[in-house]
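Following: one structure in structure tokens, then a few remarks.
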Amino acid sequence: MQDPNSNHDFDDQSEKPLTKNEEEDEEEEEEEEANNINLTANKCTNRNPILSTILEPFQWLQMLSSRLNPTFVLGVVLVYGLNQGFSWSLFKVVSDYYWKDVQKVQPSQVQLFIGLYYIPWVMKPIWGLLTDVFPVKGFRRRPYFIVSGVAGALCALTLASGGRVAVALALGCLMGISAGVAMADVVIDACIARNSIEIRSLAADMQSLCGFCSSAGALLGYSTSGFFVHHIGPQGALGLLAIAPVTLIMLGFVIYEPRTSDDIHVTKKKAQAAQKIRAAVNDMYTTLKFPQVWKPALYMYMSLALNISTHEGQFYWYTDPHAGPAFSQEFVGMIYAIGAMASIVGVIIYHKTIKDYPFRPVLFFAQLLFGISGMLDIVFIRRWNLALGIPDYFFVILEECVSRIVSRIRWMPMMVLSSQLCPLGIEGTFFALLMCIDSLGSLTSKSAGGMLLHYLHVTRNDFKNLWVSVLVRNVLRILTLGLIFLVPNSNMYETLIPPNSSTKTVDHESLQMIPLNANKEEA
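For the sequence shown, position 42 matches number 298 in this note's numbering, and the numbering has no gaps at all.
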């Protein structure tokens, strides 16, 4: 894992280890610099409260950049904002219309297909091991950014360039797009995990940054998705998904990292790699045996798996001209865009008022609200909102906003908790393992939802049992509260695992960004 919090000067002095006093002095200097920045900003804004409110997010970003390194913030913006936010939100809407209008498959089948999108995310520990253990031409990070970008761009262009391709090929390309994002996500997640361990006071701030970038990117993607589908069609819109992977390719070329010693000692390379894999797997197994690790990991999986997805049945109903409200393509995109704005509100609520509370009560009340708010879907599907005099357009926006705010408040503490469960030395691979568990929960949710829709005979034209599937989903959400005892009753400032729980045998270099025109002779 590459540490974005360190700045390497590649001279002889930079190779010397810092003593404890030197490390403390360096931390004090960083804190003093951050305090000076905040003090200067406060002097300029105290006279004008409105200006202070406007500048507060920029001051917060400046603080994060000074404490964590500007390159870390840039990496989060590119991966979480552009790729996971904009591209993934556009992907969700466009792929729904692609399966519905181009491939013309049933909603239960699409629900199962969407579950397969999560397979590359379930494989995140493998991506983590590849980037940690198997350098390419002496580089651990650059090649994998480039490979993920090339894979995502080629898959998107393949779907956009041809006519109606075979279902298997289309599914493979969509999974390839997902794999590109997942691989790029591994490096950033490793940086987040390490920084969260080393600077615990900023763990929630980092997740807030990720959540804000993701929601802001989703806002842009959702708000434009309906327009693109309407004017250039689902396949044309899929071609736009090649834009974000191109930035990953560029990112691979601008990241500076020194060559590893593995390529110098070629004869020992395979033995060293095998030894590192064994050590990393052993460390992960040792860490997972701690009750304070496997219990919250089990809760995160179960909370996602029991939240069975009925999204595709609802999407087909939304757009049906006879049984449903027949929302247009533009309005569907606008619904999701407003939901993305609500997600930003959820991030702000968590960051401003909830982040310092213990994990267990926060997750309990968030899960309870999650189950209750899901009942709004039944009200809408049964059209009780019309009996109450509430128009469809207003009610669906209200339901989407409530759902997104509650979902974000429920999700963020789980991410902060995940970052606190990672041991130093294998934090990248272990965080990837925890995210793999989450992705496996999402895959289970999508697959179970597809089987439920099929069992209840919810098809392209028959939605009479759709409300039953939503009711089953909501009951399972409420039942998840019985597992809340698995979550530790601690906050982000408390240490959950022993500090020496891993052997720390996996080497991690520092990750830095350099200008495109910088000297790259060392590379």
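Where is the CB? At the ideal position from N, CA and C, for every residue including glycine.
Would you check if the distance between the CB atom of Ser470 and the CB atom of Gly341 is smaller than 8 Å? In terms of Cβ geometry, Ser470 and Gly341 form a close pair [threshold 8 Å].
Are there 16 or more other CB atoms within 10 angstroms of the CB of Ile222, so buried, or fewer, so exposed? There is no way to answer for residue 222, as the model of the chain reaches only from 257 to 779.
What are the boundary residues of the alpha helix (DSSP H) that Trp355 is part of? Segment: none, Trp355 is in no alpha helix (DSSP H) and carries neither H nor E.
Quick one: using the 10 Å Cβ neighbour count with 16 as the cut-off for buried, is Glu312 buried or exposed? Result: exposed.
Just mark Glu656 as buried or exposed, buried being the case when its beta carbon has 16 or more other beta carbons within 10 Å. buried
Check whether the region 600-609 touches the region 630-637, counting contact only when three or more Cβ pairs, one atom from each stretch, lie closer than 8 Å. Segments in contact, no.
Rounded to whole angstroms, what's the CA-CA distance from Ser703 to Asn451? Just pull it up for me. 35 Å
Name the two residues that bound the continuous alpha helix (DSSP H) containing His197. Look at the range of the chain in this structure, 257 to 779, and you will see that residue 197 is not part of it.
Would you be able to state if there are at least three C-beta pairs under 8 Å between the region 380-394 and the region 460-474? Short answer: they don't touch.
Residue from Met319, Gln367, Gly405, Asn325 with nearest C-alpha to Ser698: Gln367
Do Ala536 and Leu413 come within 8 Å of each other at the CB atom, strictly closer than that value? no
Are the Cβ atoms of Ile402 and Gly508 separated by less than 8 Å? yes
Can you tell which of Leu458, Leu430, Ile448 has its C-alpha closest to the C-alpha of Thr685? Taking the Cα of Thr685 as reference, the smallest distance to any Cα among Leu458, Leu430, Ile448 is reached at Ile448.
Could you name the residues that DSSP lists as bridge partners for Val662? DSSP, once it has assigned bridges, lists no residue as partnering Val662.
What three-state label does DSSP hand Val743 in the structure shown? Look at Val743 here: in three-state DSSP terms it is coil, with no helix or strand label.
Which term fits Phe651, buried or exposed, when burial requires 16 or more other beta carbons within 10 angstroms of its beta carbon? buried
Between the region 641-649 and the region 738-750, do three or more beta carbon pairs fall short of 8 Å? no
If you follow the alpha helix (DSSP H) that Gly712 is part of, which residue opens it and which one closes it? The amino acid occupying residue 712 in the given sequence is Leu; Gly does not appear at that position. First-last for Leu712: undefined, no H or E at that position.
Count the other CB atoms, across all protein chains shown, that sit within 10 Å of the CB of Ile600; report buried if there are 16 or more and exposed otherwise. buried
Compute the minimum distance between the beta carbon of Ser703 and the heavy atoms of the ligand SAH, and state whether it is under 7 Å. The ligand SAH is not part of this structure, which contains no ligands at all.
So the alpha helix (DSSP H) Cys411 belongs to, where does it begin and stop? 398-417
Exposed or buried, which one is Glu380 when buried takes at least 16 other CB atoms within 10 Å? Checking the displayed sequence, the identity of residue 380 turns out to be Lys instead of Glu. Answer is buried; the Cβ neighbour count reaches 16.
Relative to the alpha-carbon of Phe687, which residue among Asp539, Phe347, Ser364, Gly627 has its alpha-carbon at the smallest distance? Asp539
Using the beta-carbon count (16 or more within 10 Å), is Ile310 buried or exposed? exposed
Starting from the Cα of Phe719, find the closest Cα among Phe468, Ile734, Ser663, Pro577 and give me that residue. Considering only alpha carbons, the answer is Pro577.
Pull up the DSSP beta-bridge partners for Val392, would you. Phe395
Quick check: the Cα distance between Thr480 and Val361, rounded to an integer number of angstroms? 25 Å
Note the first and the last residue of the continuous alpha helix (DSSP H) segment covering Ile505. 499-510 is the extent of the alpha helix (DSSP H) around Ile505.
Are the beta-carbon atoms of Val349 and Val588 separated by less than 8 Å? Going by C-beta atoms, Val349 is nearer than 8 Å to Val588.
Contact the region 488-507 vs the region 709-723: 3+ CB pairs below 8 Å: By the Cβ criterion, the region 488-507 is not in contact with the region 709-723, since fewer than three pairs of Cβ atoms, one from each stretch, lie closer than 8 Å.
Output needed for Leu430: all residues of its chain with C-beta closer than 7 Å, excluding positions within five of it in sequence on either side, in chain order. Ser351, Tyr373
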